[in-house]
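A quick write-up on the structure given underneath.
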Amino acid sequence: LGHRFLMGERGANELLRVDWQYIWKVPRCLAKSGSPIVIKREDKATAHQCSSRNGFVYVDAKPVSGEEENPLRFVNGAQSGIQQANLEVFFSDDRVFYYTMKPVALGEELLVDYGPHYFFPGGKADAARDEQDWGNFV
Numbered sequence: 612l613g614h615r616f617l618m619g620e621r622g623a624n625e626l627l628r629v630d631w632q633y634i635w636k637v638p639r640c641l642a643k644s645g646s647p648i649v650i651k652r653e654d655k656a657t658a659h660q661c662s663s664r665n666g667f668v669y670v671d672a673k674p675v676s677g678e679e680e681n682p683l684r685f686v687n688g689a690q691s692g693i694q695q696a697n698l699e700v701f702f703s704d705d706r707v708f709y710y711t712m713k714p715v716a717l718g719e720e721l722l723v724d725y726g727p728h729y730f731f732p733g734g735k736a737d738a739a740r741d742e743q744d745w746g747n748f749v
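To get our numbering, take the position in the sequence shown, counting from 1, and add 611.
Shown next, in the form of structure tokens:
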């Protein structure tokens, strides 16, 4: 669906700048086969160790052209204070997995917590994220 950038590729910054509000910067944690590492929002020390050793993975969360093409079209951001997330996110190399944190009833909305800094008060994505802010790390 998206474009895979290679290390040192010219023009990558310019192409990404246009869609930066949709990019998640996620620490890359390498694990031995059969011993996955799951990092949650509160595991900031582990996330920092992973990113110091292995850098980051950038996940393109830009909406696809048609709703029918997006397999995660039923996953929405929980509105803080109003709704409670029922999904967690797991990143594994170039893939993103969502898993339920509690039983989800048939027809119930799937909600994920994007963090306190993801939305402006008007509900628009925050394009000016601080490099040290882990608010966009889910």
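Note that the Cβ used here is the ideal one computed from N, Cα and C, for glycine as well.
Query: Under three-state DSSP, which class holds Glu625?; Result: helix
Query: What three-state label does DSSP hand Tyr709 in the structure shown?; Result: strand
Query: What three-state label does DSSP hand Lys651 in the structure shown?; Result: coil
Query: Run through DSSP, which three-state label would Asn697 get?; Result: coil
Query: Can you grab the Cα-Cα spacing for the pair Val649 / Ile693, in whole Å?; Result: 27 Å
Query: From which residue to which residue does the beta strand (DSSP E) around Pro638 run?; Result: Ile634 to Pro638
Query: Using a 10 Å radius around the Cβ and a threshold of 16 neighbouring Cβ atoms, would you call Val715 buried or exposed?; Result: exposed
Query: Please report the residue range of the beta strand (DSSP E) in which Gly688 lies.; Result: Val686 to Gly688
Query: Along the chain, where does the beta strand (DSSP E) that runs through Leu641 open and close?; Result: Unbroken run through Leu641: none, as it is neither H nor E.
Query: Take Gly718 and list the residues in its own chain whose beta-carbon comes closer than 7 Å to its own, dropping the five residues that flank it on each side.; Result: none
Query: Out of Ser646, Cys661 and Lys651, state which residue places its alpha-carbon closest to the alpha-carbon of Arg639.; Result: Cys661
Query: Please report the residue range of the beta strand (DSSP E) in which Leu722 lies.; Result: Leu721 to Val723
Query: Identify the residues that DSSP records as bridge partners of Val668: which are they?; Result: Val637
Query: Check whether the Cβ atoms of Tyr560 and Val686 sit closer than 8 Å, and answer yes or no.; Result: With the chain covering 612 to 749 only, the question about residue 560 has no answer from this structure.
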